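J.:
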Amino acid sequence: MSKVYIALQDNDESRYIVEAIEQDNPEATVIHMPAMIRIEAENYLAVKRETVEEKMGRDWDVQELHLNLITIGGNVDEDDDQITLTWNS
Amino acid sequence: MAAKKLNIKDKYRLLTRDLDWEFSYQDRNKAFPFEEFEGIKITDWSKWEDPFRLTMDSYWKYQAEKEKKLYAIFDAFSQNNGQLNISDPRYVNALKIFLTGVSPLEYQAFQGFAHTGRQFGGVGARVACQMQSIDELRHVQTQVHAMSHYNKFFDGLQDWSHMHDRVWYLSVPKSFFNDARAAGPFEFMVAIGFSFEYVLTNLLFVPFMSGAAYNGDMATVTFGFSAQSDEARHMTLGLEVIKFLLEQHEDNVPIVQKWIDKWFWRGTRLLTIVAMMMDYMLPNKVMSWKEAWEVYFEEAGGALFKDLARYGITMPKYADVIEKEKEHISHQAWWTFYTHGHAAGFHTWIPTDEELDWLSEKYPDTFDKYYRPRWELAKEMEARGERFYTKALPQLCTTCQIPMLFTEMDDPSQTCYRDSVYNGDRYHFCSDGCKDIFDDEPEKFVQSWLPVHQIFQGNCGGPGVEDILRDYYQMNVGVDNMDIKGSPDEERWKKWKGVA
């Protein structure tokens, strides 16, 4: 098993994205560091548009994630509904 | 009826698949002259896909938003005299290294990706390189803008571009990128896109930038994270390049492995300076270099290589040496700069007692045994009014150009020396990794512009060190260099803070 991860800038938008990630990926670990939030999980992590929209109370384009993104680890796949990170191990 | 809005997969397909053309009356090989000489075999460029599926319209839209956010923070930072809110004036010296050593690399990356993108026969790869090239130009611009504010209040930031081209320790980052850019387009992508971006830049732009935030530097953390939001895309490009090359032809596997071995070694050498910045130059500590290395290299890199094992790719050569180095290199590098502090374009210092205790705690197996005694000695000498500066110029490694400061990892009392003879001349190296790289491409590395050799050959003015610093490097001697104690930087800080 390998860890995939995503780090976001610690700000008001990310707060909702992190809440959505926690809801959709109950196994994920959230680590708060100065100015950033790192979320890691074994082999798979998804950020889902529907959940983020529900938390934010507005429309949210998956590509808006780039605005608050710091770094990622894992193979990326992005479409209109979600972005996923995976390792094949 | 209004046309149905395209989803991002369709948009990306239309952008990349319908942009190219067939070469009906020109030779395709002449249009892409660098595509074959490295031995890489591409059978089908259309298999390339950007997993973010970013199209140009989205690219401009989101990049513009990032810039607006970033410059709003720069404005707020300068309007509120943000320089007064940093933890300690020592911190700014890390920014001096950043501006003279790292920002010019962003410019080299901009040039490198523009060139490489032009040389690829596939549209998807060309578009991704074009976006990355523009990103890199944005990075150098935002970094210069962010640090221009500090230039108004601190020394050593005034002539970064000139210094990057000439100063002895800055030849390390400069020659690293020159090596990558002088390689073919596929090696450049493995060097910078994969080895550097995927694993190594994280160590600079994530834990170090988090450290910048923790030291009150909102301008730097903001450009750092804003740049890194592009890096997430670059990392993905780097990983896609590797997978694409490995899937295209089995003959590509040994070539890619050799490049991975070379560029991970070169990258870890380059990051020595970041190790030192994290452990010694951030007054408020977030994590040690060793801890950052474990998270971003060992854990993240380990997961990556496990994923690539299905292609027959293994961990980079000398991974076992690299694992031991995390205990040593930050201490060995800061000691070298401390003892050469008269010739550096930034200030150096002895860590405070509290900082020495932190280092002992973070490096229980090595710091007290090998490194703390040096600082205790330096403290005694300083107390006697004999702050130590070496009189000698260091011997440099022909490959990485770092002074011979590294030890054998199994015997930290013994400096590591290797050498090779080529065409009757002997060349010196800091490690087996650097010697192997030279032995594989001696014609390239015998051309290394080694600053110390150049000084001794009389190509940098002089003959005295002070003449070279003042006239050739354009440093303000006695202002930019020497210990932080008694420096104009420290004097001004005390005045602003109202302390004697």
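In the order they appear, the protein sequences are chains A and B.
Under this note's numbering, think of the first position of the first sequence as 46, with each following residue one higher.
Under this note's numbering, think of the first position of the second sequence as 30, with each following residue one higher.
Where is the CB? At the ideal position from N, CA and C, for every residue including glycine.
Quantities reported herein were computed from a predicted structural model and do not represent experimental measurements.
Name the one or two DSSP bridge partners that G118/A has.
T.: DSSP, once it has assigned bridges, lists Y50/A as partnering G118/A.
J.: Chain A partners of F81/B, CB-CB under 7 Å?
T.: The contacting residues are V121, E123.
J.: Can you tell which of T419/B, H357/B, A373/B has its C-alpha closest to the C-alpha of Y399/B?
T.: Ranking T419/B, H357/B, A373/B by Cα distance to Y399/B puts H357/B first.
J.: For W105/A and chain B, any beta-carbon pair shorter than 8 Å?
T.: It does not; no Cβ of chain B falls within 8 Å.
J.: Anything in chain D within Cβ reach of Q257/B, meaning under 7 Å, just list it in chain order.
T.: Protein chains in the displayed structure are A and B, and chain D is not among them.
J.: Could you please give the first and the last residue of the uninterrupted alpha helix (DSSP H) stretch that includes R119/B?
T.: Where R119/B is concerned, there is no enclosing alpha helix (DSSP H), given that its DSSP letter is neither H nor E.
J.: Just to confirm, is the Cβ distance from T249/B to A175/B under 8 Å?
T.: Yes.
J.: Given a limit of 7 Å on CB to CB distance, which residues of the stretch 423-449 of chain B reach chain A?
T.: Under the 7 Å Cβ criterion, the stretch 423-449 of chain B contributes no residue.
J.: In the structure shown, what three-state DSSP assignment does M307/B receive?
T.: Helix, per DSSP.
J.: Name, going along the chain, the residues of the stretch 78-91 of chain A whose beta-carbon falls closer than 8 Å to a beta-carbon of chain B.
T.: Correct list: M78, P79, A80, M81.
J.: Look at the Cβ atom of Y325/B, then the Cβ atom of V235/B, and state whether they are nearer than 8 Å.
T.: Their beta carbons are under 8 Å apart, which means Y325/B touches V235/B by this criterion.
J.: Rounded to the nearest angstrom, how far is the Cβ of W363/B from that of M305/B, given a contact under 8 Å?
T.: The pair is a contact, with the Cβ atoms about 5 Å apart (cut-off 8 Å).
J.: Grab me the residues of Q148/B's own chain with a C-beta within less than 7 Å of its C-beta, minus the 5 sequence neighbours each way, in chain order.
T.: So the list reads F61, F63, E64, P214, once near-sequence residues are dropped.
J.: Does the CB of Q68/A have a neighbour CB from chain B at under 8 Å?
T.: It does not; no Cβ of chain B falls within 8 Å.
J.: Could you spell out the range, first to last residue, of the beta strand (DSSP E) harbouring T395/B?
T.: Neither: T395/B is in no beta strand (DSSP E) and is coded neither H nor E.
J.: Can you pull the DSSP bridge partners for S449/B?
T.: DSSP, once it has assigned bridges, lists Y456/B as partnering S449/B.
J.: Count the other CB atoms, across all protein chains shown, that sit within 10 Å of the CB of S190/B; report buried if there are 16 or more and exposed otherwise.
T.: Exposed.
J.: Does the pairing of the stretch 345-355 of chain B with the stretch 270-278 of chain B give three or more beta-carbon distances under 8 Å?
T.: No: fewer than three Cβ pairs fall under 8 Å.
J.: Is K48/A close to chain B? Criterion is C-beta to C-beta, closer than 8 Å.
T.: For K48/A, the answer is yes, since a Cβ of chain B falls inside 8 Å of its Cβ.
J.: Check each candidate in L311/B, R403/B, K473/B and name the one with the smallest Cα separation from D208/B.
T.: Of the candidates L311/B, R403/B, K473/B, the one whose C-alpha sits nearest the C-alpha of D208/B is K473/B.
J.: What's the C-alpha gap between Q137/B and A256/B?
T.: Q137/B and A256/B: Cα-Cα distance of roughly 15 Å.
J.: Under 8 Å, Cβ to Cβ, is there at least one residue of chain B near Q108/A?
T.: Taking Cβ atoms only, chain B reaches closer than 8 Å to Q108/A, which makes this a yes.
J.: Alpha carbon to alpha carbon, how far is F435/B from N58/B?
T.: If you take the alpha carbons of F435/B and N58/B, they lie about 45 Å apart.
J.: What is the DSSP secondary structure of V285/B, counted as helix, strand or coil?
T.: Three-state DSSP puts V285/B in a helix.
J.: Going by DSSP in three states, M410/B sits in which element: helix, strand or coil?
T.: Correct three-state label for M410/B: helix.
J.: Whole angstroms is fine: what's the gap from I289/B's alpha carbon to L134/B's?
T.: Answer to the nearest angstrom: the Cα atoms are 20 Å apart.
J.: Would you mind telling me which residues of chain A sit closer than 9 Å to K33/B, beta carbon to beta carbon, in chain order?
T.: What K33/B touches in chain A: nothing, since even the nearest Cβ is about 13 Å away.
J.: Identify the residues that DSSP records as bridge partners of Y41/B: which are they?
T.: Answer is none; Y41/B lacks a bridge partner.
J.: With a threshold of 7 Å on Cβ separation, who are the neighbours of R195/B within its own chain once the five nearest residues in sequence on each side are excluded?
T.: Same-chain partners within the cutoff: Y501, Y502.
J.: Judging by CA-CA distance, which residue of N70/A, T116/A, N88/A, Y89/A is the nearest neighbour of V97/A?
T.: Taking only the C-alpha atoms, the option nearest V97/A is N70/A.
J.: Taking Q54/A as the query, report the chain B residues whose CB atoms sit under 7 Å from its CB, ordered along the chain.
T.: Here the neighbours are F254.
J.: Can you tell me whether A421/B is buried or exposed, with buried defined as 16 or more other CB within 10 angstroms of its CB?
T.: Flag for A421/B reads exposed.
J.: So, are the CB atoms of N113/A and Q68/A less than 8 Å apart?
T.: No, they are not a contact pair.
J.: Against chain A, with Cβ distances strictly below 8 Å, would D117/B count as a contact?
T.: So no, D117/B is outside the interface.
J.: Leaving out five residues on either side along the sequence, give the residues of the same chain with a beta carbon under 8 Å from the beta carbon of I342/B.
T.: Excluding residues within five positions, the ones whose Cβ falls inside 8 Å are I271, L275, V282, V285, Q286, I289, F334.
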